[in-house]
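Participant: Below is a structure I'd like to ask you about.
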Amino acid sequence: MKSNLAQAASWAVLLALGAGVAESAAQTASASVEEVVVTGSRIRTSPLERDQPVVAIDEALVAKQGLTSTVDVLQRIPSAGGGLNAKFNNSGNFGNPPDGGGVGAGSAEIDLRYLSSRRVLVLVDGLRWVPGAAASGVPGSVDLNTIPTAMISRMEVLQEGASPIYGSDAIAGVVNIITKDRQEGFQATAQIGQTDHDDGFTQDYNVTWGATAGNLSIVVGGGYFKQDPVFSGDRAISRFPQPYATACDASCSSGTPLGRFIVSDPNTGQDLNLTLKQALAPGVRPTYIPGDPTGAASSFKGFTTADRFNFQPFNYISTPLERYSIFGSVRQDITDNITFRARASYVQRKSANQAAPLPLFVGPDAGNGNLLDTVSVDATNPFNPFGFTLQPGTYAFIGRRLVENGPRHYEQEVDTWNVTATLAGDFSVGDKNWAWDVNAIYSRNTANQTFTGNVNAQRVQQALGPISQCTGACTPLNIFGGAGTITPAMLQFIAFTQQDSSQQELTDFSANLTGDLFDLPAGPLAFAVGVERRRTEGFFQPDAIVAAGLSSDIPAQPASGKITVKEAYGELKIPLLADMPFFHRLEASLAARFFDYSTSGSDETFKAGLAWRPMEDLLFRGSWGEGFRAPSIGELFGTASRFDQEINDPCSGLTAATPANIRANCIARGVPANGSYVQLNQQISVITSGNRDLQPETSESWNFSGVWEPAALRDTNWSRNVSLEVAYTNLELDDAIQAQNGQSLVDRCAQTNDSLACGTITRTASGQIAGIANPLINIGRIKTRAVDVNFVWTSPEWDAGTFGFRWYTTRLLEFSEFVPGGSGLVKIEREGTERGSPDQAYPKWKSTGMLDWDKDMFGATVTGRYIHSVQEAGAANKLESRLYVDAQLRWRPDFMDQDISFAVGVNNLFDKDPPGCITCGLNNYDPNAYDAPGRFFYLRLSYKQ
520 MKSNLAQAAS
530 WAVLLALGAG
540 VAESAAQTAS
550 ASVEEVVVTG
560 SRIRTSPLER
570 DQPVVAIDEA
580 LVAKQGLTST
590 VDVLQRIPSA
600 GGGLNAKFNN
610 SGNFGNPPDG
620 GGVGAGSAEI
630 DLRYLSSRRV
640 LVLVDGLRWV
650 PGAAASGVPG
660 SVDLNTIPTA
670 MISRMEVLQE
680 GASPIYGSDA
690 IAGVVNIITK
700 DRQEGFQATA
710 QIGQTDHDDG
720 FTQDYNVTWG
730 ATAGNLSIVV
740 GGGYFKQDPV
750 FSGDRAISRF
760 PQPYATACDA
770 SCSSGTPLGR
780 FIVSDPNTGQ
790 DLNLTLKQAL
800 APGVRPTYIP
810 GDPTGAASSF
820 KGFTTADRFN
830 FQPFNYISTP
840 LERYSIFGSV
850 RQDITDNITF
860 RARASYVQRK
870 SANQAAPLPL
880 FVGPDAGNGN
890 LLDTVSVDAT
900 NPFNPFGFTL
910 QPGTYAFIGR
920 RLVENGPRHY
930 EQEVDTWNVT
940 ATLAGDFSVG
950 DKNWAWDVNA
960 IYSRNTANQT
970 FTGNVNAQRV
980 QQALGPISQC
990 TGACTPLNIF
1000 GGAGTITPAM
1010 LQFIAFTQQD
1020 SSQQELTDFS
1030 ANLTGDLFDL
1040 PAGPLAFAVG
1050 VERRRTEGFF
1060 QPDAIVAAGL
1070 SSDIPAQPAS
1080 GKITVKEAYG
1090 ELKIPLLADM
1100 PFFHRLEASL
1110 AARFFDYSTS
1120 GSDETFKAGL
1130 AWRPMEDLLF
1140 RGSWGEGFRA
1150 PSIGELFGTA
1160 SRFDQEINDP
1170 CSGLTAATPA
1180 NIRANCIARG
1190 VPANGSYVQL
1200 NQQISVITSG
1210 NRDLQPETSE
1220 SWNFSGVWEP
1230 AALRDTNWSR
1240 NVSLEVAYTN
1250 LELDDAIQAQ
1260 NGQSLVDRCA
1270 QTNDSLACGT
1280 ITRTASGQIA
1290 GIANPLINIG
1300 RIKTRAVDVN
1310 FVWTSPEWDA
1320 GTFGFRWYTT
1330 RLLEFSEFVP
1340 GGSGLVKIER
1350 EGTERGSPDQ
1360 AYPKWKSTGM
1370 LDWDKDMFGA
1380 TVTGRYIHSV
1390 QEAGAANKLE
1400 SRLYVDAQLR
1410 WRPDFMDQDI
1420 SFAVGVNNLF
1430 DKDPPGCITC
1440 GLNNYDPNAY
1450 DAPGRFFYLR
1460 LSYKQ
């Protein structure tokens, strides 16, 4: 990152600032102070002279979409790659994602450019916000649910990197949420809605009140939001583990209420794969006949695909969420030159995830990665029908769905406090006006999760072991009798309620100074400098039983850490030419940021840009910049956990038709040559963890854009304003922090015998994959290129009314990942594909168009959202293009004394279901890219005093 250009830029910034300060003398000015928030620069600039591509979203635009969640609004931007939202129901289904941040149940995050939410910086009033907490890890991303909706005035999305301006995380872009600091009177909104399936009822209420008296302005408000769940079993796409299926296939679970028993009878030498014919009465031991194990007199039959368990109906396709929020803002003009502002907010989120009852897997091929893989079922257990101890050599696997213990239910309660104080002012230096601000932030996220449906593996071991050792409170466990035979007494001994917690704190102090240094022939030389010191602390504390390694669900260990960073930055805006033919304005910009991390050491980033306006109507912009992202607490200090990734093992069921290279490589890795190994379950344990040896990510980006706002089309008979913006982004990320894709590792090992890939995979004696070791690493490189096109047109006031049209489109030209292989980096081209678990679509085209109409008391909006087709990377399945259409009608009666308006609308007007995805995780579609199935109707009431 220390290129000659970068060094030159840093010296230019420092020398120019020093010269300007030396030449100037400070004087007191008597001008009123007005806060200005500029996204993409710390230099105060007119919003009409932006040097970066920014998408602005105000309250009116949000209201026209019928959306009640900040994340839903942001994820509709075509350059967004998705992120966590209410359509994710991962708890209990997939374990902890391989990113060190935990499941993030109930959280809401924004991803730009498909680079993940960890590489998007979220600011509130230009200041940082505390990372999320969901009691399952220590994430590095902001949970947008922790920001009160009623507090938001508008949002600005910078669609390019800005690390030299804002610091770490601003690689893919910046989301700046601007809050209300002035308001007169009372405002309120209420919205209710539900799907056309009579579920998913949603209600959202927000109120704000503000007043100004002399130099004091106050705004206070609050909100309440509640969303009811939608169950997977109530939608055709998600009723079974395969999209739109009507019956179970091999993707359903081996963990059934009747049990699956893979045993090797030492008395007969038979290898058996059995299940019960039917459930027995409580206390009755099944009948096993060694000479005829599946005969008429036996309680058992051979296990087939038809016996597998459909876990889908228990899941949510849209998770429940409840949120309470309050906020307050006080702004006091202390003098004509100094203003103090304090802002405080509190949000409580209650959310839930749910999965099918726990599949209790025991035995050498269980693949839990914990104590259950070593459990033996003693011959003296009163319910063991086989007459011999089930142990390595006599059994490989038992799967019993604990339906008696109910579904696995996860409830989160997250409390978020944020207090921010800003002292700002301005003064004169010679004839120039300089502005300053000093900021202090304290913010804390505390999360607690309650999980019911788990069992203690150590107690399971005791209850299945020798009867002589099952004493006291121990009750022998019956996993052989089928549904209803695990009694309340048995559950009381083995079951427990899991209590997990996590917390993150942010303490941040910053100071900024900006103004004009001196005049150049083309205008004033503007600058901004600043310093920042922040500390982030976080911990994750799993339940004591889980921490001891005795959970039967996802293993986890405590994790904690803190990161302290000291930063300084400088920014220059240099006018080069002005008011000349073909050079209405030519301006250069330089920025540098220096930082020192307690965990990652010292480094610097630089940025240079050029803005050329050949005429007033036309603007061309170009920039080069470096990015930096330090590893987060979870990425550095996260302990080992399990991600249950859906993986198809190419080594399963080897036959003569298996490609020769795959057959040879699988056999070389311990898979039986006779084809006896058949994969038991699609979900494979991928053990992921943080890594204290991680290095920071770095990036280099080139951005070019043009904006055309023709004066000839302004205030004409058919247009009031027209603007067209085209922006090109080329970004290359080095030392990307992430785990490798488990499916890719398995495929590379089978296809090429790649030593690095094969070295991560552990197999049992029968060939089953026991686990994949996949810690976070600096994986290699990511390269992405995209073009954004934004078009805005508004009409004059015609007899038919006023019309407006907004069109936002992103063309993904390239998204390539370079991951380690046995002979160097392996390139994986993602553009135009669906990655599958963990889900991520990379459509080449995404587009949103919005047509508005308003006349007198009435208005209407129609929105179209297009997602181009993608090809599944791991299956011969094409996800066809989707066009979602939303519509809204508005009425604002002018005969009423108060400003009241009504809106009724429907999202997904034509009831377009998402395309089915075979390799995607839960619910058989990608929740990053597509709407949940079904129309959504809503009614909205707004009041303004």
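As numbered in the working numbering, residues 520 to 1464 make up the sequence shown, in order. We put the beta carbon where it would ideally sit given N, CA and C, even for glycine.
1) From residue 1337 to residue 1259, what distance separates their C-alpha atoms?
2) Quick one: complete beta strand (DSSP E) runs, 3+ long, within the stretch 827-912?
3) Alpha carbons only, please: which of 1457, 1458 and 1447 is nearest the one belonging to residue 590?
4) Going by beta carbon distance, what residues of the same chain come within less than 7 Å of residue 831, once the five residues before and after it are set aside?
5) What would DSSP say about residue 581, mapped onto helix, strand or coil?
6) Which same chain residues, not among the five before or five after residue 614, have their C-beta less than 6 Å away from its C-beta?
7) Given this structure, state the Cα-to-Cα distance separating residue 580 from residue 938, to the nearest angstrom.
8) Mind checking who residue 1322 pairs with in its DSSP beta bridge?
9) Report buried or exposed for residue 629, applying the criterion of at least 16 other Cβ atoms within 10 angstroms of its Cβ.
10) Taking a contact to mean a Cβ-Cβ separation below 8 Å, would you say residue 683 touches residue 1144 in this structure?
11) Let's see if you can read the secondary structure: which residues bound the alpha helix (DSSP H) around residue 1444?
12) Closer than 7 Å by C-beta to residue 1080: which residues in its own chain qualify, once you throw out the five before and the five after it? Chain order, please.
13) Measure the Cβ-Cβ separation of residue 714 and residue 749 and say whether it is below 8 Å.
14) Grab the span of the alpha helix (DSSP H) containing residue 1007 for me, first residue to last.
15) With 16 other CB atoms within 10 Å as the buried threshold, where does residue 1445 fall?
16) Compute the Euclidean distance between the alpha carbons of residue 1099 and residue 1038, then round it to the nearest angstrom.
17) For residue 1230, which three-state DSSP category applies?
18) When the Cβ atoms of the stretch 1343-1359 are set against those of the stretch 1260-1267, are three or more pairs found closer than 8 Å?
19) So the candidates are 1404, 920, 1095 and 1410; which of them puts its Cα closest to the Cα of residue 1041?
20) In angstroms, rounded to a whole number, what distance separates the CA positions of residue 958 and residue 1054?
21) Once DSSP output is grouped into helix, strand and coil, what is the label at residue 536?
22) Ignore the nearest five residues each way along the sequence and tell me which others in residue 790's own chain have a CB closer than 7 Å to its CB.
23) Spell out the partners DSSP gives residue 1291 in its beta bridges.
24) For residue 1390, count neighbouring Cβ atoms within 10 angstroms of its own Cβ and tell me buried if that reaches 16, exposed if not.
25) Note the first and the last residue of the continuous alpha helix (DSSP H) segment covering residue 1154.
26) Using a Cβ-Cβ cutoff of less than 6 Å, which residues in the same chain neighbour residue 736 once the five nearest sequence positions on both sides are dropped?
27) Using the DSSP secondary-structure output, state which residues sit across from residue 481 in a beta bridge.
28) Let me know the secondary structure DSSP gives residue 592 once reduced to three states.
29) Assuming residue 984 contacts residue 897 under a Cβ cut-off of 8 Å, what Cβ separation, rounded to an integer in Å, is found between them?
30) Can at least three beta-carbon pairs, one atom from the stretch 635-642 and one from the stretch 1022-1033, be found at a separation below 8 Å?
31) Should residue 512 and residue 1246 be called a contact, given that it needs their Cβ atoms to be closer than 8 Å?
32) Near residue 792, what residues of its chain come up, given a Cβ to Cβ distance below 7 Å and the 5 sequence neighbours on each side ignored?
33) Which class does residue 1142 belong to by DSSP, given the choice of helix, strand or coil?
34) Once the 5 residues before and after residue 996 are set aside, which same chain residues still bring their CB inside 6 Å of it?
35) Measure from the alpha carbon of residue 586 to the alpha carbon of each residue in 724, 1192 and 1159, then state which is nearest.
36) Taking only the alpha-carbon atoms, compute the straight-line gap between residue 1413 and residue 1374 and give it to the nearest angstrom.
Facilitator: Once the coordinates are examined:
1) Those two C-alpha atoms are separated by around 10 Å.
2) 835-837, 840-852, 857-874 and 878-881
3) 1447
4) 751, 752, 757, 758, 759 and 760
5) helix
6) In chain order, 1073, 1161, 1162 and 1163 place their CB closer than 6 Å to the CB of residue 614, counting only its own chain and leaving out the 5 sequence neighbours on each side.
7) Rounded to whole angstroms, the separation of the alpha carbons of residue 938 and residue 580 is 28 Å.
8) Residue 1322 pairs with 1372.
9) When all chains shown are included, residue 629 counts as buried.
10) Yes; because the gap between Cβ atoms is below 8 Å, this pair is in contact.
11) Premise fails: residue 1444 is in no alpha helix (DSSP H) and is neither H nor E.
12) 1057, 1152, 1155 and 1156
13) yes
14) Following the DSSP letters along the chain, one finds residue 1007 inside the alpha helix (DSSP H) bounded by residues 1007-1013.
15) buried
16) 17 Å
17) helix
18) yes
19) 1095
20) 14 Å
21) Confidence at residue 536 is low in this model, with a pLDDT of 35, below 50, so its placement is unreliable and the value that follows should be read with caution. If DSSP states are grouped into helix, strand and coil, residue 536 belongs with the helices.
22) 783
23) Its beta-bridge partners are 1205 and 1280.
24) Exposed.
25) Note, residue 1154: alpha helix (DSSP H), 1152-1156.
26) Cβ within range, chain order: 701 and 850.
27) Any question about residue 481 goes unanswered here, given that the chain covers just 520 to 1464.
28) helix
29) 5 Å
30) At 8 Å Cβ cutoff, the stretches do not touch.
31) Residue 512 cannot be examined here, being either before or after the span of the chain that is shown, 520 to 1464.
32) 781, 821 and 822
33) strand
34) The answer, listed in chain order, is 982, 983 and 1009.
35) 724
36) 12 Å
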